[in-house]
Each structure stands twice: as structure tokens, then as C-alpha cells.
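In our numbering, the protein residues as written are 187 to 687. Note that beta-carbon positions come from the ideal geometry of N, C-alpha and C, so glycine has one too. Just so you know, these numbers come straight off a predicted model, no measurement behind them. Notes to accompany the following structure.
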């Protein structure tokens, strides 16, 4: 009798996780863990066969190990995840494994029926999982070719200043960095020392900037393409969850294409988050690197008996990756032949909270946005590293560069992330209020207190290249993670709460 169940049960949980996250994970994210799991399962099967002299008994033991391994993390999480829960579930799972092993060994030579049942169950699970992959295949389809926007048209038109006269351009995203007003009102923290220091260095620090969208993927896809992306509702449907479309818009963005058409070279600093995990268009790419610490692998490990090995920093970013980015950004232009466009997605101060104000490790788990002390500690750390980075960039630049230091959104004000689709005025103000600081030599008069990310580079490119891009209305749109393209205009709701001074 064919022993299908160990091989199937080794890979089905990986495929199941992929089927639920096709818009955010790539199929290559699946191949490594699935291949490793399959290889280890087959190795264990062979070793047990050598010991027990029975393929069916060995296969049942392997499948028992796999089922208990893959379900441990989910059960622990469902029961609250405390240390006591982990111990109780661990003991129960070991006891169950011992009983199943004893059964398989005792029934050697008489396991045809259990084997047939396990094969049937495994094949059924495989069919259902593959059906889910097929049904959700639309979520992982690439984005359609970029629209013919005014930015795209301008990339092939207009005069091109001599490359030697062009300033370097830095676009630094500090994820989840709240506005000064939000920091004061909701966290009781006066951030004026930092923003004053930026102003002393020539930055225009906006007083009332709001993110155009309340999710990172939407916000970056919009700001990097210099346009609102509400047209995706019609293109994809309000029910779509195709995050892969936004990932593609972030990677193949209009800003990079425009600047490259003017002679710029592109340096990319990414994170472990799927939206900025890598960029194939970059001339130089600095990423977190290890696939073991990526979003998909971290999510998978947390469902298994290895969940305790996943450190606090695994997932969105690592301490080492953040420190490396701050260190390398100022000198990266020396690796580029031509004026530099540098994009950096620095996840802090977004949680997990891994830094105290001095950069020391901060324990205590992933944390909540409501843990004001931990959030502010990480804000203070980011402040210090950002000023160090800016000072070194300015010191190493022959010509004053353009630098935009901006958040993609503010902190999450509600316990349930889906609540951001229908926020109260206070919640909308906190989530949309962002840091937005722009160093634009000679163009300070073009900036204004409420400028939002969608307009940042419209103003910058108008100043540098006389592109004549229209400055759009500054609007704020909310949507849920389950229905990211079902947009609701909450601009008036935000204004009801009041704007920072």
C-alpha cells in the first residue's frame, strides 16, 4: 500500500498558510519550508524503517509527529499563549505522541486499515488545500501594467538637466511615526526637540500632514506613484484582497521610473515585510536578508512546536537590519554611478518594540500600540539615529540633497485592526496624523502645513524639473485589511478632531 500520508502531511500545512496569504507571500516563500519539511519527514521515515523493520508503522509515527508538530502553535495561541498553556499543551502532545508510537509499534504488520484511513484523510486535505490555492490564485496575480499617468508621461518628456547639477534624493519612511500633535495628545510626549533639530538643518516640518491611506501597502503604493489609487476599486473590485498588486506598484513605481529617466540610479533599503522585502529594479539593494526571518516563515513557525524559537524581532524587521540601514544610507550614493535616489523603509517606531531610547534591546514581546512608554522609547531611538543619518548625509554631500522623512501612517488606535475602516474622529486623527519633514533646497515656499504624501514628490519634481504637476487635494481614505480597496473618504472626520498647529 502506498504511504502517501507522511509526504502530504509534511507540506499541506505550508500550502494552507500560503493559500490564506497569497496576496502577500510568493510561491518561493513556500518552496523552502515545504522542501525542508518533506526532506526531514522522509529522512525520519527511513530511519524509523531501519529501526522498526515496518514501513507502515514508521509512516504512522512520522505522520503523528507532523500533525502534533504543526498543530502545537495554533492550539497554544488559541488558549492564550501563556507559559503555563505552553507547558500543559506540550505535555499533552508528548503523551499523545507516546500513545500513537506505542500503537504503531504494537500493531506492526496489521496497519493496513489505519494506513488507508490516513491516506484518505491526507489526500482529502491536499485536495482541499490545493483548491484553496487555486481559488485564491487571483490574489497573487501581478499588477496590471502601470496606468499612463502624467508622471509616467513626464518620464519620457521634458528637458533633462545635466546630471552633474542634480541633487541626490532620499525618501525615508519611518513606519508608524505619529505627528507631533498625536504624540503630545495621545502619548503625552513633547517631540519638539526632534522636529526643531530637523528645522535647524533646513527641513520644512509640516504641522498638519495626514497619510492618504491608513495602511502601509496602500500608502506607499500611492506616494511612490504620486497619485491616489482609488481606481483600484474599479479595476480589482471592492472585495479583492490582492495585496500583490500593491507590492508590484511599490516595486515598479512611477517615482523611480521618472528619476531614472533623468539619470538617477536607485538604492533600495528594505525590510522583512513583504511590501518592501526586495526590489528587482534597484541598482543597489540592502535588505534584511534571511528568509528564515521573513513574514511567511515567521508566521509558519509560530503555528508549530518551534514557536518558542521565534524571537520578538522576527517578522517585520530585525535589530541588526535597522542598525545596518541607518549606518549604510549616508554612504550608499558612493556605490552609484550618477545622482542617487535612495528609498528606505525603516520599520521602527512601528512595533515590535525592540529598542529603548539608547538603542539597547527592549524585551517584552511584540507589544501593543497602546503601550505608550515602549512606543515612545522607540520613537526616541529613531529620533537619535535619524539625526545622525541626516548629519552624515549632509556632511558627505557636495550638493545639498533632497530628503523626505515621512511616516506612512500613524499608530493603530484600536485593538482590532479591522476597526480602522470605520474609525471615530479620535481614532482617525491618531492613525492618519504623521511625521512629514522635507528638505527641498530652494523650494521651501512650495511646501505647506497640510501637504500629504501623495503631493510630496509632486512638489519636489516641480521644483527640480519644472514638471508642472498639479498639487492634488489632500484627502484621507480608510479601508479594512479584509477589503483594502473598499475606500471610505474620512477627510472630514479627521478635520472634526482638529489639526495640529
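With DSSP collapsed to three states, give me the class of residue i.
i	result
residue 498	Because the pLDDT at residue 498 is just 49, under 50, the model does not fix this residue reliably, and the point stays unresolved.
residue 663	strand
residue 188	coil
residue 561	helix
residue 222	helix
residue 652	coil
residue 373	helix
residue 674	strand
residue 429	helix
residue 526	strand
residue 410	coil
residue 625	strand
residue 391	strand
residue 196	helix
residue 204	helix
residue 556	coil
residue 585	coil
residue 608	coil
residue 436	helix
residue 238	helix
residue 465	coil
residue 492	coil
residue 352	coil
residue 448	coil
residue 639	helix
residue 415	coil
residue 685	Low local confidence applies: a pLDDT of 45 at residue 685 is under 50, so the model's placement there is unreliable, and no value is given.
Check for me: the alpha helix (DSSP H) holding residue i runs from which residue to which?
i	result
residue 482	481–487
residue 272	269–292
residue 258	241–264
residue 303	298–321
residue 385	378–386
residue 422	418–422
residue 514	505–514
Checking the sheet assignment: what are the DSSP bridge partners for residue i?
i	result
residue 531	359
residue 547	541
residue 453	470, 528
residue 137	Lying outside 187 to 687, the shown extent of the chain, residue 137 is not represented and no answer is given.
residue 396	619
Measure from the alpha carbon of residue i to the alpha carbon of each residue in the options, then state which is nearest.
i	options	result
residue 608	400, 525, 256, 453	400
residue 197	337, 274, 308, 416	308
residue 194	257, 590, 369, 315	315
residue 564	556, 545, 582, 579	545
residue 533	248, 269, 568	568
residue 538	575, 376, 362	362
residue 375	381, 382, 366, 383	366
residue 268	484, 648, 494	494
residue 677	617, 418, 250	617
residue 511	633, 385, 391, 359	359
residue 351	643, 417, 583, 289	583
residue 503	260, 666, 460, 657	460
residue 597	310, 554, 230	554
residue 612	417, 289, 368, 672	368
residue 284	248, 300, 263, 298	248
residue 516	672, 586, 292	586
residue 411	577, 357, 540	357
residue 391	458, 614, 592, 663	592
Between which two residues does the beta strand (DSSP E) harbouring residue i extend?
i	result
residue 669	Per DSSP, residue 669 belongs to no beta strand (DSSP E) and is neither H nor E.
residue 657	That residue, residue 657, is in no beta strand (DSSP E); it is neither H nor E in DSSP.
residue 592	588–592
Report yes if the CB atom of residue i is closer than 9 Å to the CB atom of residue j, and no otherwise.
i	j	result
residue 216	residue 228	no
residue 353	residue 588	yes
residue 243	residue 233	no
residue 337	residue 444	yes
residue 669	residue 407	no
residue 590	residue 640	no
residue 507	residue 481	no
residue 660	residue 638	yes
residue 595	residue 471	no
residue 648	residue 622	no
residue 466	residue 437	yes
residue 259	residue 492	yes
residue 426	residue 418	yes
Taking 8 Å as the cut-off, does the CB of residue i come closer than this to any heavy atom belonging to the ligand FAD?
i	result
residue 249	No copy of the ligand FAD appears in this structure; indeed no ligand is present at all.
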